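Sequential numbering from 141 applies to the sequence shown in this note's numbering.
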Amino acid sequence: MKNKLLVLNMKMYMEPNDIKEFMAKTDKVDDNIIICPETIYIPYFINKYKNIGIQNIYFESRGAYTGCNSVLHAKKLGVNYAIVGHSECREYFNITDQIVNKQIKSIVDNNMIPIMCIGESLDDKVSSNSKKVIKKQIIDGLKGIKCDRIIIAYEPVYAIGTGNTLSKFDIIDSVNYIKEILNGIGINALLLYGGSVNSTNLSDLLTISVLDGFMVGKSSCSSVEVLKMMKLLSSN
Ligand code: PGA
């Protein structure tokens, strides 16, 4: 069986010196690792690693869009993945499901692979709305999308950056539900879990067979953590 995927979502945690150090200490990474550095650092990573993702993208290819990053230009630079719909982008940049949908269309049109993040908030969970929210994110986000290569990262907002992953039972329950919805709309996706994953809890999470991999935030900024996680994945 192929190794599970590991998406490194480095967010905006690293200074230029941290990036240099990270790159010096991770000379070789396996093919199942997708590195998503802060956008300004992408050119450093392009020639050294095989799988590079961008953390957010504008859906137009070019034009007068100050401060935005074009899918087309990312693709031409050699970026092959793009994260969309991360809960932080949904919260801070008002990214709606409709925008996510436009982003995914543009990513697919440019032959890149979307990594679409979905997940309920604590309020949704407390009000027993988790499944409703997840369903809406999938249906609206993937409306009219036809593609055979897409990754969905299930990241409950209350598990991100808290040090607490969901229980295995809850992950399996949500992921099976996500699969059911995707089957209903004829989309075949790889499914990841994200939210406080690190080298300590990864061995246990690796026993969840319905998952194709993981998205890692904070721990992706430590070369020591990344090398440990990579080893766990390759020996799984
Ligand atoms: P975390 O972030 O690993 O720091 O919880 C995960 C994510 O937001 O992708």
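Ideal Cβ placement from N, Cα and C applies to all residues, glycine included. Here the structure is a predicted model, which is why all the values come from computation and not from measurement.
For the 8 Å CB-CB criterion, Asn191 and Ile180 do not form a contact. Pro156 sits in a helix when the DSSP states are folded into three classes. Inclusion of Tyr221 and Ile258 in the CB contact set at 8 Å is not warranted, their separation being larger than that value.
Around the beta carbon of Thr305, 16 or more other beta carbons sit within 10 angstroms, so the residue counts as buried. Along the length of the segment 234-280, whole alpha helix (DSSP H) runs at least 4 residues long occupy 237-249 and 262-266, reported in chain order. DSSP lists Gly193 and Ile253 as the beta-bridge partner residues of Tyr221.
Three or more pairs of CB atoms, one per stretch, sit closer than 8 Å, so the segment 335-353 contacts the segment 291-310. Closest in C-alpha terms to Met256, from the list Gln195, Cys361, Glu365 and Ile175, comes Gln195. Taking Lys271 as the centre and dropping the five residues before and after it, the same chain places the C-beta of Tyr317 closer than 7 Å to its C-beta, in chain order. For Asn341, the closest C-alpha among the options Ser307, Asp280 and Leu322 is that of Ser307.
Within 7 Å of the C-beta of Lys358 there is at least one heavy atom belonging to the ligand PGA.
Contact check for Leu322 against Ile291 fails: the beta carbons are separated by 8 Å or more. Straight across, the Cα-Cα distance linking Asn269 with Arg230 is about 18 Å. Taking the C-beta atoms as reference points, Asp280 is found nearer than 8 Å to Gln238. Contact between Ser227 and Ile274 is absent: CB atoms are separated by about 12 Å, not below the 8 Å threshold.
A distance criterion of 7 Å places the beta-carbon of Ser336 in contact range of the ligand PGA, judged by its closest non-hydrogen atom. Here Ile186 is exposed: its Cβ has fewer than 16 other Cβ atoms, across all protein chains shown, within 10 Å. CA-CA distance, Ser360 to Lys371, rounds to 14 Å. At least one heavy atom of the ligand PGA sits closer than 7 Å to the Cβ of Glu295.
The segment 200-214 and the segment 149-169 do not touch, with fewer than three beta-carbon pairs separated by less than 8 Å. In the DSSP assignment, Asn149 falls within the unbroken beta strand (DSSP E) covering Leu145 to Asn149. For a cut-off of 8 Å, the C-beta gap from Asp352 to Leu331 is around 5 Å, short enough to register as a contact.
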